[in-house]
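**Student:**
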Amino acid sequence: MVEAAPIARSPIAQAAPTTIKHGWEVSARRSAADLKIIDCTPLAKILVLASPDGEVARALGVPFGRAARDPHGTLVVGSGPGEWLLLATPGTSPAVTQRVDEVQDEGLVSVFDATHGRAIMRITGAKAPDLLAKVCAIDLADEVTPNGAAFRSSVAKLVTDVVRDDSGGSRSYLLHCERSSGQYLFDALIDAGDEFGIEVDGFVDPGKRGVHRV
Amino acid sequence: MTAQTVQKAVMPMRLDHRPGEVIDRGRELTFTWNGEEYPAYGGDTIISALAACGERIFSRSFKYHRPRGLLTASFLDPGCMVQVDDEPNVRGAHRRVEPGMVVSPQGVWPSLEYDVKSANRAFGRFLSAGFYYKTFIKPRRLWPLYRRMLRRFSAGGRVSAGPAQGYFDKRYAHPDVLVAGGGPAGMAAAVAAGRAGAQVLLVEEEYELGGHLRWGNELDALRVLREEVSRTPGVEVMVNSVVNGRYDDNWVAVMQRDLSHVQERLVKARAKTLVVAPGLIERPYVFEGNDTPGVILSTAARRLINLYAVKPGDRAVVFSANESGDAAAEDLRRSGVEVARVVDARRDGDILRAKGDGKGLRSVECADGAEIECDLLVTAAGWTAPTSLANMAGDRPVYDERAARFFPSILPEDLLATGGIAGDGTLDELLAHARATGQEAARRAVRTALRLRAGIPQRADEQEEPESGSSPVAIPELPISAHPALFRGKTHGIVDYSEDVTSKDLVAAEKEGYDSIELVKRYTTVTMGPTQGKLETVNAVAIMAEATGRTINETGTTVWRPPYSPITLGALAGRNFEPVRYSPMQPWHEIHGAKPLVAGAWIRPDHYGDPASEALNVRENVGIIDVTPLGKFDLRGPDVPKLLDHLYINRWDNLEVGAVRYGVMCLEDGVVFDDGVTGCLGPERYIMTTTSSGAAGVWEWIDHWLQTADPGWRIHVTPVTTAYASINVAGPKSRELLLRLSDGLDLSPEAFPYMRVREGRVAGVEGCFMWRIGFTGELSYEVHVPAAYGLHVWETLMQSGADLGVGPFGVEAQRILRLEKGHFIVGQDTDGLTGPYEVGLGRMVRLDKDDFAGKPELAWQSERDSRLRLVGLQPHDGSLVPPEASQIVENKNEIVGRITSSRMSPTLGRSICLGFVAQHLTTPGTKVTVRLPDGERIPASVTPHHAHYDPEGTRQRG
Amino acid sequence: MILLPCPYCGPRNASEFRYVGEVSERPDPNEAGVDEWRTYLYARNNPAGWTTEMWYHSAGCRQHFVAERHTVTNEVRTSRLPKAPPRGEQEEQATGGNVAVDGGGAIY
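Just so you know, the sequences run in chain order A, B and C.
Numbering-wise, the first sequence is residues 1 to 214 according to the numbering used here.
Numbering-wise, the second sequence is residues 1001 to 1958 according to the numbering used here.
Numbering-wise, the third sequence is residues 2001 to 2108 according to the numbering used here.
Written out as structure tokens, the structure is:
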């Protein structure tokens, strides 16, 4: 019986050299470029469906169109009407799921581990909005999409969830799409970011830098 | 000889330094024109460099092949279109010279100097109005010859047949105020809007801001305005860029060309307010010989002298009706050009004809009979307001008789006009108007922004700043100056330089009954050439008015449509966005030589070299196929059975936990829409699968019922298509293979029978589920594993099953296997009219259900004989595979069916088919005639079942 | 390209939406005759003027909504979630309540 320890893989080819973190194959590359793209697919991704007026909605505390971190450091994204996406440290899906399950809500509540169903990437840098403006028709000005804004729209013709999640004073966006198109979206962003000198940066376990820097 | 005298020798028409010149005398370059090397300075356009060297002829005209020179010395110049390297139709009076550029004239044969086609002048009557419709029609057999000749005669450049060059780009923009035109009015409006707090995009067609100030005498004012623009925060400037169209809700297309790394970039701007400040375009005067090289517009003379330090000629006549003509005469005198005469149109002066030879202008004949020898005639006959963008916003311009030009009339709320398009006046009056317009544009933009933002959920604060309660900015009226109405003189001449349409042609067209300007346009092609009416529309309208005895306002004008300026296909295509989807096992497929199959957005392995062997291996051993693209939905909630009963034609309220069932969906018109297997994994927990191509449609169909019918069902639907990697393990040894990988799962036929689902751990991966179904007809397990582990499970299956002969199989082998089993594919074996009864699924339809999609249509279908039935078919000659879509015919050529699927069966060693036949041919054993696409007819027989192999299904139930 | 006001997401480019069609009432499937059913399936008024139509925000919140649009000017004066006739018990909605957006007579 041949049974190697399972290795989880992102749909995005990892820039060499690669290493294994949290059971995921990730790039060990580090970039100091002003504009960076990071494949964050190893993050735990929990999808919650519940009434927008119920107890779960109240407990999550984030309305549709907004994103914020909860006291555990989980990024709670109001990704749709009555739909939330929770992003957390790799491997913490059961704990996050349990926290939602514990909320008493009279309505129908569904909690899924969507870790495998989505690809997530982050672009960080002052030029990030200029890059996005080449592939996305949404106005990225502060008045329209301030930090913490979450929206779903077409990015490079692909339906993509975008969260503005500035980090350390830098403009930063998380983009998540269906897993199968992850490589496509990653390539499209690199192509659009070429004129701004975009570079690939490897995924770093957010736990080591503090959960607030997912 | 000094360097300067050398330059004088090769650039004889180059003037000494001019205060507003845009050339860089420190940067000398060379380029090739018409096979010879020419010098130029940095900043020179192709045409200014050639003019500095004394060249006067740059092309041959479209129809008559008359020599053409400069006319406007701007982007529009119709006689200055050239070929640059591989690029045809380059605007030579706009494009700057680059070192080593190879420029050649267009549409000349055999040469620019001697063009045999100019003999056309002798046959001009054959090329009269509507010649497209009249000439070259008969005799018909000569048309191929005519076509070859006409192609040689056409004036366009040569398109490179090679791959597309250059990188094109797109971006979006959301300016508060977009200003189209970077002249004094545009700059002042942009600055005023920026100072009012607006984000401004200022777009200018030329290489620098400034408009007519650049070649005028108010260079100080120009410097101040430019400084204001650069100092005002929030003003983004694009030069060498053009606003090409205005669409609904101020969706504005800007073609940006001022980028180093990109050939062209299409900017899609959603402007809250659009300010139109295009200035005025100088209008040519129509008279005999008005296209002779050496006859130029006053603005062309001023551009050549003041921007490029080029002397346009040696001895000039100036025909002037306005200040621009007077200023041009002054510029000429200052440049050492002898001004032989100024013919003042304001004092009834007029010119009759320009006379030239093959090299250009020789003399001008005035209305008073004087004939003056000269090599330059400068005309200043009036202005055209380019109202294109206002037109695109629904405005219809109105002619003002006193000013002898059109003005915009009623503009929508989100569009304002300023500058020459709005009126005349001193520079101060113009700037005051522009500033007020810019402020008002900013004010309206705030209002629009608040309205737009009110609807979005992304803002952090619910509190929106209250509208500042602003009242409209008072915009001063611009004076409108009187101008002589000059369109055509006393002789006939060229109206449309690009299309070679004369005023005589227009009059003739009117006589033939084409009395509306829109008809005349299409009949004579006036305004339809590369200048797109910017030079010629008003003249054409005026000549039509004269011919019909109507006023210009009664005649009306043609409608200006996008694009304002020619646009490359590359810019429209931009970067190519074509999302593709890959399964988690894609890296393995690539390494193992899979031939890719594009299936919608998915890239799938069609086969790994030999589909027939792959299929046989499934029948004999065990094969694995990547079926990740299968649509998968997680359905949760107490009312899922109600949804399933509503979507599928069969019954679902009795599906127990652990069971899976095949279902077919119809739309409300009773046509088969999708099919697949749905399983119950636990209480209120289901997984639905759909066809790969149908997944998106099914998702929307579910949304449709849950959201619009609003039945109050408690259901959550989540697409999980790519959350799971899906692998079908098929073949007599599939159970043995899976046993090695699935810990703790009892795979015995008793514990895990056919059409059941089990959850568990596969190859060390938790959270998998698998169901026993049989698309291939063999014992098979469809294994669904969390996607990030898909590659791991696939590789483990390949390693663990090596001794069992496990092999991958692709889509083609699967298609062979399913055809052997007679399973139909929605969209392949069904079409937009196929109901369930026609594919033999009548027994599945449960008309006793209260309601489901398409129920009434299915009830009516059940009461009548279906037109066609899907049957299995085998050609008598088993070596022949009739191509799919071959027809089944009766009698002579009566179509009574068609082949929907056909393959050579490696298992049976003969060809097999599925196909539709008419009702009377459905009895097993019926012989039918299949007509192949090449007309050959072959006999085939209807088989007893759809399945050609194991019709009892004993293998898959094992 | 026009902007369409999605009741959830606000104004978005029309290319993000799928046009479902004029709102057409579904007859009782157990009572409807051929004419009535086929009218529901195929017959549309297609006026040059105000029309009430269903749109689907396929590249956004994936919600259907009903917009009143002027087919000549493309003005959208209202947009709301589809409100269907009550069928059976009115239970809690899975996807949220009806949100009305007043277009304010503007073209946005």
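Glycine is no exception: its CB is placed at the ideal position from the N, C-alpha and C atoms.
Model, not experiment: these values are computed from the prediction.
Using a Cβ cut-off of 9 Å, pull out every chain C residue sitting near GLU1477(B), in sequence order please.
**Tutor:** Neighbours of GLU1477(B) on chain C: none; closest Cβ ~28 Å, over 9 Å.
**Student:** Any C-beta of chain B within less than 7 Å: which residues of the stretch 82-111 of chain A qualify?
**Tutor:** Within the stretch 82-111 of chain A, the qualifying residues are LEU108, SER110.
**Student:** For ILE1888(B), name the three-state secondary structure that DSSP assigns.
**Tutor:** Strand, per DSSP.
**Student:** Give the secondary structure of GLN1874(B) by DSSP, where H, G and I count as helix, E and B as strand, and everything else as coil.
**Tutor:** In the structure shown, GLN1874(B) sits in a strand (DSSP, three-state: E or B).
**Student:** For ASP1424(B) versus LEU1411(B), is the C-beta spacing smaller than 9 Å?
**Tutor:** For ASP1424(B) and LEU1411(B), no; Cβs fall outside 9 Å.
**Student:** Is DSSP giving ARG2012(C) helix, strand or coil here?
**Tutor:** Strand.
**Student:** Would VAL135(A) pass as an interface residue toward chain C - the criterion being a Cβ-Cβ separation below 9 Å?
**Tutor:** By this cut-off, VAL135(A) is not an interface position.
**Student:** May I have the straight-line CA-CA distance separating TRP2037(C) from ALA2043(C), to the nearest angstrom?
**Tutor:** If I take the Cα positions, the gap works out to 10 Å.
**Student:** For ASN1322(B) and ARG1575(B), what's the separation of their Cα atoms in angstroms?
**Tutor:** Cα to Cα, the separation comes out at about 47 Å.
**Student:** Can you name, in chain order, every residue of its own chain whose Cβ lies under 7 Å from the Cβ of GLY1764(B), other than the five neighbours on each side?
**Tutor:** The answer is none, since no qualifying residue turns up.
**Student:** Which class does GLY1356(B) belong to by DSSP, given the choice of helix, strand or coil?
**Tutor:** Three-state result, GLY1356(B): strand.
**Student:** According to DSSP, simplified to helix, strand and coil, what is CYS136(A)?
**Tutor:** Of the three classes helix, strand and coil, the one that applies to CYS136(A) here is strand, per DSSP.
**Student:** Kindly indicate which three-state DSSP category GLN14(A) falls into: helix, strand or coil?
**Tutor:** Of the three classes helix, strand and coil, the one that applies to GLN14(A) here is coil, per DSSP.
**Student:** On the three-state DSSP scale, how would you describe ARG1761(B)?
**Tutor:** Residue state, collapsed to three classes: strand.
**Student:** Based on DSSP bridge pairs, tell me the residues matched to PHE1916(B).
**Tutor:** Answer is LEU1870(B), ARG1898(B).
**Student:** With a threshold of 6 Å on Cβ separation, who are the neighbours of ARG1405(B) within its own chain once the five nearest residues in sequence on each side are excluded?
**Tutor:** So the qualifying residues of the chain are TRP1383, ALA1385.
**Student:** Could you tell me the alpha carbon to alpha carbon distance between ALA1190(B) and VAL48(A), rounded to whole angstroms?
**Tutor:** Using only the alpha carbons, I get a separation of about 48 Å.
**Student:** List, in chain order, every chain A residue whose beta-carbon is nearer than 8 Å to that of GLY1637(B).
**Tutor:** LEU108, SER110, listed in chain order.
**Student:** On the three-state DSSP scale, how would you describe HIS164(A)?
**Tutor:** Here residue 164(A) turns out to be Arg, not His, going by the sequence shown. In the structure shown, ARG164(A) sits in a strand (DSSP, three-state: E or B).
**Student:** Quick one: Cα of GLU1440(B) to Cα of ALA1417(B), how far?
**Tutor:** For GLU1440(B) and ALA1417(B), the distance between alpha carbons rounds to 11 Å.
**Student:** Tell me, to the nearest whole angstrom, how far the beta carbon of VAL1664(B) is from that of ILE1649(B); I am working on the premise that it is less than 8 Å.
**Tutor:** Rounded, the Cβ-Cβ distance is 5 Å, consistent with contact.
**Student:** Between MET1755(B) and the rest of its own chain, which residues show a CB-CB distance below 6 Å, the 5 nearest in sequence each way excluded?
**Tutor:** Within the same chain, MET1755(B) has close Cβ partners VAL1660.
**Student:** Taking C-beta pairs closer than 8 Å, name the residues in chain B that ARG2077(C) reaches, listed in chain order.
**Tutor:** In chain order: nothing, as chain B lies at least about 13 Å away.
**Student:** Report the residue from ASP53(A), ALA188(A), ASP39(A), GLY193(A) whose alpha carbon sits nearest the alpha carbon of ARG118(A).
**Tutor:** Residue ASP39(A) is the option with its Cα nearest to ARG118(A).
**Student:** What are the boundary residues of the beta strand (DSSP E) that GLY151(A) is part of?
**Tutor:** The sequence shown places Phe at residue 151(A), rather than the Gly named in the question. It spans 150-155 - the beta strand (DSSP E) in which PHE151(A) sits, taken as one unbroken run.
**Student:** Can you tell me whether CYS1080(B) is helix, strand or coil according to DSSP?
**Tutor:** Residue state, collapsed to three classes: helix.
**Student:** May I ask you to report which of helix, strand or coil DSSP gives GLU1440(B)?
**Tutor:** GLU1440(B) falls in the helix class under three-state DSSP.
**Student:** Roughly how many whole angstroms lie between the Cα atoms of TRP1251(B) and ALA1221(B)?
**Tutor:** Going by the C-alpha atoms only, they are around 33 Å apart.
**Student:** With respect to the alpha helix (DSSP H) encompassing MET1798(B), which residues constitute its N-terminal and C-terminal limits?
**Tutor:** Note, MET1798(B): alpha helix (DSSP H), 1790-1800.
**Student:** Have a look at VAL1720(B) and ASP1645(B) and give me their C-alpha separation to the nearest angstrom.
**Tutor:** Their Cα atoms are separated by approximately 21 Å.
**Student:** What does the Cβ neighbour count give for ASP1950(B), buried or exposed, with the cut at 16 atoms within 10 Å?
**Tutor:** Under this definition ASP1950(B) is a buried residue.
**Student:** Please report the distance separating the alpha-carbon of PHE1633(B) from that of ALA150(A).
**Tutor:** Computed Cα separation, rounded: 24 Å.
**Student:** Measuring CA to CA, which of PHE1852(B), GLY1166(B), ASP1176(B), SER1481(B) is closest to ALA1449(B)?
**Tutor:** Among PHE1852(B), GLY1166(B), ASP1176(B), SER1481(B), the Cα nearest to that of ALA1449(B) belongs to ASP1176(B).
**Student:** With DSSP as the reference, label PHE196(A) as helix, strand or coil.
**Tutor:** Helix.
**Student:** For GLU2031(C), does the count of other Cβ atoms within 10 angstroms reach 16, so buried, or fall short, so exposed?
**Tutor:** Answer is exposed; the Cβ neighbour count stays below 16.
**Student:** Using the beta-carbon count (16 or more within 10 Å), is ARG2087(C) buried or exposed?
**Tutor:** In this prediction, ARG2087(C) has a pLDDT of 33, which is less than 50 and means its spatial position is unreliable; what the coordinates show is noted afterwards. Classification for ARG2087(C): exposed.
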